[in-house]
Amino acid sequence: MLLRCKATSGRCLPHLGKVLLCVCLLTGLNMFGYHYLHDLTRKATALITKNVSLLNALTPWSGSMASPPMLHCEDIPFSSLETNFRPFKPLLVGQNLCSLLETTDVFVDALRKANVSFFMYGGTLLGSWRHHGFVPWDDDVDFAVPIDKQQKVYQRLMDLKPRFILDVAQEKRWKLYRAGSASIPRVSWQYPFLDINFYHQNATHIWDHDLKNYHMYVYPRSWVFPLSARPFQGRWMPAPRETEKTLTLTYDLEKCDTGVYNHRLEANSDLARRTLPCDRLRGVLPFVKRAVTAERCNESFVQGDRVLGHYFFENSQCTLE
């Protein structure tokens, strides 16, 4: 802008004042915008770094999430009124589901910061393989942690008080849960909870610290390490590299079994155990369906004919059904 006025004239002083005011305002806005964008970029970078650090640590395997299978704590869809299918109805719904997922996120973040290796285990690993999340009729989360990191894990998780409580009463298997959750008769921990399982290892194998589970959970190290990553409720979670091989030592992947244990009561269930071919439940509950191409494996999350989401993996991580 070019101002023309006589030096002896005061007519343009008000205009000059307005111009200076505008310049000051624009300068202030620019400075505010710079600091705002800088702060926003810093926070976004930190968030991205936090979310991808786990996946980066699991190289050389890589995966990509095309679309999340469900919202953060959206109830697992179930569509059947048949009596035969009622035992398979999702157990974790509403606040209990959200609470356990929050506990899971806090656990993962704590162990990541402590630089402690861990991976999905038991029913949680089975759920990732078959449902990209919880087995619908399961209601806890299982992770495996090396026994020589026990003290480090203890210190890190005790720091989560008062919001989250670590219970070590079982000794061989610890519990982590959100404070103020539902009491369970005859035990000190609360529902819902996350199970922390410990394992021993040598040059060739790993095995469960709890001798009661020894025969069910002994795996060749080459099947487990280096860890890969798999979907679980819209998250990437560490998993044994040979997930299917690992699971087949413990489970029949073609059969869906409700089991006989009730975590809400920490006791055997009064309900009869039910086992069905998983194919009979595919229209009732969402399951993973796999397809292999020369370049990749596509794991679709499907309920009946409806695709809820899908993930892409290296084809070495996929078995054609």
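Residue numbering for the sequence shown follows UniProt numbering, starting at 1 and increasing by one per position. Backbone N, C-alpha and C fix where the C-beta goes; we use that ideal spot for every residue, glycine too.
| Item | Value |
| --- | --- |
| CA-to-CA distance, Arg-290 to Tyr-214, given in whole angstroms | 31 Å |
| Span of the alpha helix (DSSP H) around Leu-111 | 94-113 |
| Rounded straight-line distance, which links the Cα of Lys-152 to that of Ala-112 | It should be pointed out that residue 112 corresponds to Arg in this sequence rather than to Ala. Going by the C-alpha atoms only, they are around 12 Å apart. |
| Counterpart residues of Asp-257 in DSSP-defined beta bridges | Thr-275 |
| Cβ-based burial, Leu-126 [other Cβ within 10 Å; buried from 16] | buried |
| Status (buried if at least 16 other CB within 10 Å, exposed otherwise) for Asp-139 | buried |
| The segment 186-204 contacting the segment 216-223, beta-carbon criterion three pairs below 8 Å | yes |
| Distance between beta carbons of Gly-133 and Phe-232, contact taken as under 8 Å | 6 Å |
| Rounded C-alpha distance that separates Asp-210 from Arg-173 | 8 Å |
| Selection from Asp-148, Thr-83, Asp-279, Pro-90 that minimises the alpha carbon distance to Asn-115 | Asp-148 |
| Rounded separation between Trp-137 and Lys-89 - CA only | 6 Å |
| CA-to-CA distance, Ser-117 to Arg-86, given in whole angstroms | 37 Å |
| Inter-residue Cα distance where the pair is Thr-83 and Val-260 | 18 Å |
| Within 8 Å, strictly: CB atoms of Tyr-177 and Ile-165 | yes |
| Buried or exposed (CB count within 10 angstroms, at least 16 for buried), Thr-246 | buried |
| Residue ranges of each alpha helix (DSSP H) within the segment 222-248, 4 or longer | 243-248 |
| Integer Cβ distance of Ala-179 from Pro-162, believed to fall under 8 Å | 6 Å |
| 8 Å Cβ cutoff met for Val-288 and Glu-295 | no |
| Rounded distance between the beta-carbons of Ala-144 and residue 324, thought under 8 Å | Only positions 1 to 321 of the chain appear in the structure, and residue 324 is not among them; the question remains open. |
| Alpha-carbon to alpha-carbon, Asp-252 and Ser-79 | 24 Å |
| Simplified DSSP assignment, three categories, for Val-116 | coil |
| Segment limits, alpha helix (DSSP H) that includes Lys-152 | 150-158 |
| Per DSSP, cross-strand counterpart(s) of Pro-146 | Tyr-199 |
| Nearest-angstrom Cα separation, counted from Asp-195 out to Lys-175 | 5 Å |
| Enclosing alpha helix (DSSP H) for Trp-129 [first to last residue] | 122-131 |
| Gln-190 versus Leu-100: straight-line alpha-carbon distance, rounded | 11 Å |
| Continuous beta strand (DSSP E) stretch holding Asp-167: start and end | 164-167 |
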